[in-house]
Structures are given as structure tokens and as C-alpha cells.
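Encoded as C-alpha cells, the structure appears first; notes follow it.
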Amino acid sequence: MTERLYYTRDATQGQANIISCLAEPDGRYAITLDRTLFHPQGGGQPSDGGWIGDAAVQSVISRGDDVVHIVEQALPLGETLLRVDAAARQHHARLHSAGHLIGMAGEECGWRPVKAHHWPGEGRITFAPGESTVLPEVEVLLAIISAWQGESLPRRITFDGGLRLVGFGELPAYPCGGTHVAQLSEVGDVTITQLKLKKGQMIVHYSLQP
Numbered sequence: 050m051t052e053r054l055y056y057t058r059d060a061t062q063g064q065a066n067i068i069s070c071l072a073e074p075d076g077r078y079a080i081t082l083d084r085t086l087f088h089p090q091g092g093g094q095p096s097d098g099g100w101i102g103d104a105a106v107q108s109v110i111s112r113g114d115d116v117v118h119i120v121e122q123a124l125p126l127g128e129t130l131l132r133v134d135a136a137a138r139q140h141h142a143r144l145h146s147a148g149h150l151i152g153m154a155g156e157e158c159g160w161r162p163v164k165a166h167h168w169p170g171e172g173r174i175t176f177a178p179g180e181s182t183v184l185p186e187v188e189v190l191l192a193i194i195s196a197w198q199g200e201s202l203p204r205r206i207t208f209d210g211g212l213r214l215v216g217f218g219e220l221p222a223y224p225c226g227g228t229h230v231a232q233l234s235e236v237g238d239v240t241i242t243q244l245k246l247k248k249g250q251m252i253v254h255y256s257l258q259p
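The sequence shown runs 50 to 259 under the numbering used here.
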């Protein structure tokens, strides 16, 4: 089982031990570490990039309880340096946190978030009707989000029965394995690019200012 260091810390550089290096069918290699700073693709978020030693990490995936890092060349077992692409990590964290804000703002307006996608250029949150079936105004959602950001609420990570929960301040926490900003002021300006009703669901498309 790989220890997922990114669950509880924001470090983008550190040491780990390579415990296996196996050839993939496509000629690349799957590296398993005893602990990792790299977030694997999943939960609506793309994987981190970066380097293990001098080898570029091309993708990161979960396989059972392990996190597997795909690289071009075989690497020796033993201690190595991990370096996560810090700029890309921060962008993904901002997008994921913005998605949580939109989810909570939608709940404030009577809708229930059921699906999320936080990829750059593809951000969207899907809601099912809750107490309301009336689409809220974009300005209303953004005003709710802006108020939370103005308080610069801090990230709150808790664990309950093995489930990781991520929230901000005293706002509700969502079950989540992704990376997030340390406080909401880091998210920046959120833009809702489209809000539509499709087959009874509300879909909110969003982006961030660079």
C-alpha cells in the first residue's frame, strides 16, 4: 500500500523509496513507491506531473491500494527524490477547490451536486434537483462564492472511518481524495462560463483566471 502524502501535506519535493519497477505492455515502466507526493488521476482531477530522480513522470494511476507512476525508463530500487510540478499542482488544486465552492453554492440554492470534473478547460459540476428545480442566476452563485473567498476560509481535512473529507472553515466537507488550496483566497477569480438545464439536471461550466 502506497502512503499518500498529498492527503495531508502540500509539499512538492521529498524523498521516497522505489519498491518496484515493472515493464508495461507499451514499453514504459510502472514505478511503485513506499510513499508518494504525486496525486493519481481520479476523482475528477488529472494526475500530477513531475520527476522521480531525473525521470519525467508521464502519468500517475491507482492500482488497488498502490499509486503507480509511469515513466519511460527503468529505475533502480531504493531511495530517490520526488519533485512534483508545483505550478500544475497549484492550478489543479485551485480548480478542484473552485469546484467544491460551486457545489456548495448550488446547494445553497436548493440543488444537489452529483458529479464533478475539474480538468483545465473542462471544469463542470452537475447537480440534481433538491429543494429547488429553478435555475439560480449566475450572479447569485458567484456572490455566494465571493463571500466565502472574502473570508479566506482555511482548508479543513478530516478522516472518518478511512474516508477523507475536505472542507473550508465551517462549511460542509465533501468526501474527496484530491488536492486543494490551503485557503480560499488562493482560488482566485471564478468564472461561470455556462449554466444550463439538461434532462432535469443543472450543469455549471466554470473556469479560473490564470
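We treat Cβ as the ideally placed atom computed from N, Cα and C, and that holds for glycine. None of the values given here were measured: they were computed from a predicted structure.
Each residue's CA atom was taken as its position, placing residue 161 and residue 107 some 35 Å apart.
Around the Cβ of residue 152, a 10 Å sphere holds 16 or more other Cβ atoms; the residue is buried. As the crow flies, the alpha-carbon of residue 254 is around 22 Å from that of residue 232. Counting the other Cβ atoms within 10 Å of the Cβ of residue 96 gives 16 or more, which makes it buried.
Taking a contact to require three or more Cβ pairs closer than 8 Å, the region 241-259 and the region 169-189 qualify as touching. Per DSSP, residue 229 is not a residue of any beta strand (DSSP E), being assigned neither H nor E. For residue 84, the secondary structure class from DSSP, reduced to helix, strand or coil, is strand. In the structure shown, residue 71 adopts extended strand secondary structure according to DSSP, grouped into three states. DSSP, reduced to helix, strand and coil, places residue 118 within a strand of the structure shown.
If you draw a 10 Å sphere on the C-beta of residue 116, you find 16 or more other C-beta atoms in it, and that means buried. Only exposed fits residue 259, as fewer than 16 other CB atoms lie within 10 angstroms of its CB.
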